[in-house]
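Participant: In this note's numbering, the protein residues as written are 386 to 733.
Let me give you the structure first, and then I'll get to my questions.
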Ligand SMILES: Nc1ncnc2c1ncn2[C@@H]1O[C@H](COP(=O)(O)OP(=O)(O)OP(=O)(O)O)[C@@H](O)[C@H]1O
Ligand SMILES: [Mg+2]
């Protein structure tokens with residue numbers, strides 16, 4: 386049974402409905418990332434789980450109990466939200482110790498746990514400072530320490546590393562993952578950073594239109610996106626129609642198309658990443674060869690990006706610089722059979 390279950394949730398602000406019949410199921414010990422465009426409802430979802438707000442409809446259950454109306458302070462959840470400020474009048478030590486004091490943990494244990502946690506977030510020696518005497522990134526790390534020190538049943542992270550520089554962000558995300566595995570908490574993590582989320586998650590849930598469009602392992606999402614939206618999200622830029630004609634998948638210009646992973650059905654959207662399309666001289670011998678004309682070429686340093694017009698749509702291609710094609714050049718695109726993904730067109 387799932388540890389956390391959101392069932393048929395409808396929620397929003399006044400008349401503005403953000404989540405519609407939203408479902409999410411998280412297993413104990415999993416690290417789940419929520420991804421989606423700005424404004425799609427990620428923070429709204431975390432706020433519901435934390436208990437900052439209640440849904441209009443639907444239920445939230447945790448460990449088999451209905452917690453839809455259980456107040457925030459009765460859920461043993463930790464959260465690190467972008468806007469959830471530290472207590473300004475308390476030192477770093479007291480900020481981190483706060484939850485332990487509330488839980489009446491003995492003083493000596495509080496000291497050990499707070500100091501251990503501060504070491505983990507690289508803030509040893511900062512315990513007597515006040516939040517106003519620290520940088521944004523340092524404050525964010527105090528917030529992380531404060532949330533995790535209580536050993537929560539569930540940790541909710543809303544872009545917890547957004548104020549950190551790139552190097553510290555990588556260090557901290559590894560640290561969060563390590564802590565999660567060590568302390569065994571279940572985590573839901575919101576980020577805009579795709580690399581970050583793929584690096585640390587057991588499951589990635591991608592939101593679109595107030596629902597989760599696909600929830601899967603990072604590898605599955607990356608290799609087998611189920612919808613065009615998800616495919617866009619993970620770097621597919623070329624989409625073309627395929628229909629089955631006498632058993633053979635065929636492009637709109639009549640070219641027979643071979644795909645390594647065929648599925649049952651007669652109409653699909655095929656998709657392929659720019660780096661999986663080869664650009665060749667016209668007339669080359671190619672499987673899945675589509676003739677085209679170079680519209681734009683952009684020098685990207687290690688690679689050259691071409692926009693190529695073809696009879697089945699415009700393609701974006703990333704190629705090395707071994708041969709450079711000028712604007713207007715006739716070319717042949719080879720769409721690698723084992724890199725084409727088939728998506729149901731109804732799933733747009
Ligand atoms: N307090 C509020 N009152 C009214 N509308 C709100 C409120 N908070 C958020 N919204 C609206 O609800 C929608 C979802 O907001 P939410 O904060 O959940 O998005 P998000 O996915 O977290 O976006 P981001 O990635 O930008 O943080 C947005 O359209 C937003 O404008
Ligand atoms: Mg948000």
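The beta carbon of each residue, even a glycine, is placed where N, CA and C say it ideally should be.
A quick note: this is a predicted structure, and the numbers were derived from the prediction, not measured.
1. In angstroms, rounded to a whole number, what distance separates the CA positions of residue 493 and residue 538?
2. To which residues of the same chain is residue 722 closer than 7 angstroms at the C-beta, ignoring the five residues directly before and after it?
3. Name the DSSP beta bridge partners of residue 739, please?
4. Would you call the segment 588-598 and the segment 419-431 touching, i.e. three or more CB-CB distances under 8 angstroms?
5. Exposed or buried, what is residue 440 when buried is set at 16 or more other beta-carbons lying within 10 Å of its beta-carbon?
6. For residue 428, is the beta carbon positioned less than 7 angstroms from some heavy atom of ligand 2?
7. Give the DSSP bridge partners of residue 656, in chain order.
8. Shorter than 7 angstroms, the distance from the beta carbon of residue 575 to the closest heavy atom of ligand 2, or not?
9. Could you name the residues of the same chain whose beta carbon sits closer than 7 angstroms to that of residue 502, not counting the 5 residues immediately before and after it, in chain order?
10. Under a three-way DSSP split, which group does residue 527 fall into?
11. For the beta strand (DSSP E) that residue 636 lies in, which residues bound it at each end?
12. What's the gap between the Cα of residue 710 and the Cα of residue 696?
13. Check whether the Cβ atoms of residue 438 and residue 574 lie closer than 8 angstroms to each other.
14. Whose C-alpha, out of 442, 466, 488, 607, is nearest the C-alpha of residue 458?
15. Where do the N-terminal and C-terminal ends of the alpha helix (DSSP H) with residue 432 fall, by residue?
16. I'd like to confirm something about residue 401: is its beta-carbon nearer than 7 angstroms to some heavy atom of ligand 1, or not?
17. To the nearest angstrom, how far is it from the Cα of residue 730 to the Cα of residue 514?
18. Which of the three DSSP states, helix, strand or coil, is assigned to residue 733?
19. Applying the 10 Å Cβ sphere with the 16-neighbour rule, what's the burial state of residue 586?
20. Does any heavy atom of ligand 1 sit closer than 7 angstroms to the C-beta of residue 423?
Facilitator: Straight from the coordinates:
1. 23 angstroms
2. Excluding residues within five positions, the ones whose Cβ falls inside 7 angstroms are 643, 644, 645, 672, 673.
3. Beyond the ends of the chain as shown, which are 386 and 733, falls residue 739; an answer cannot be given.
4. The segment 588-598 makes contact with the segment 419-431, as at least three CB pairs between them are under 8 angstroms.
5. buried
6. yes
7. 624, 726
8. yes
9. 481, 530, 533, 534
10. helix
11. Its beta strand (DSSP E) spans residues 633-636.
12. 19 angstroms
13. no
14. That would be 488, whose Cα lies nearest to the Cα of residue 458.
15. 427-435
16. yes
17. 57 angstroms
18. Caution applies to residue 733, whose pLDDT of 45 falls short of 50 and renders its modelled position unreliable; the value that the coordinates give is listed next. Three-state result, residue 733: coil.
19. buried
20. yes
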